[in-house]
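Our numbering numbers the first residue of the sequence shown as 79 and each following residue consecutively.
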Amino acid sequence: MILNVASPILGFEHIKSFELVEIDQFFVRLQSKDDATSFTAINPYALRSYDFEVPTYYEELMQINENSALRVYNIMVVAIPLENSTVNFIAPVVINLDNKTLSQVVLDVAKYPEYGQSERISDFLANSEESK
């Protein structure tokens, strides 16, 4: 699926479209259609409780309403072993499947202090193992 960038991924403002490539039920790759840039992203709900409000600016920009089909992913820095990878929870990538738009939504750190920019996946795997 090709997605048009409504609000860019920080530092990659030149990229105007991405291809969404599903790797499995947890991971996707966002492959730039403009150059060789590629991001690995994760479904945050596979790791933790993750709740935020899409700010009005992004709702208007992406034409999001209460009936919109949305997906949320968080960009990660992949490491070996995978448990050492880090996830950016403070700037989710929101996708509106209805009109195939994508935005990186930068959340207000004061409103969402529980979300960090570089959180280790292993911190969440330990919590999910304890709850079993």
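Each residue gets a CB set at the ideal place from its N, CA and C atoms; glycine is no exception.
(request) Note down the Cα distance separating ILE87 from PRO159, rounded to an integer number of angstroms. (result) Between ILE87 and PRO159, the C-alpha separation is close to 26 Å.
(message) Taking a contact to mean a Cβ-Cβ separation below 8 Å, would you say SER146 touches ASN174 in this structure?
(response) Yes, Cβ-Cβ distance for SER146 and ASN174 is below 8 Å.
(request) Starting from the C-beta of LEU203, find all residues in its chain whose C-beta is less than 7 Å away, skip the five residues before and the five after it, and write them out in chain order. (result) For LEU203, where only same-chain residues beyond five positions count, the Cβ hits under 7 Å are GLU161.
(message) Are the CB atoms of LEU81 and LEU148 within a distance shorter than 8 Å?
(response) No, these two residues do not count as a Cβ contact at 8 Å.
(request) Return the residue from the list MET140, ALA119, ASP201 that minimises the CA-CA distance to PHE105. (result) Considering only MET140, ALA119, ASP201, the residue with the shortest C-alpha distance to PHE105 is ALA119.
(request) Determine the DSSP secondary structure at SER196, reduced to helix, strand or coil. (result) Of the three classes helix, strand and coil, the one that applies to SER196 here is coil, per DSSP.
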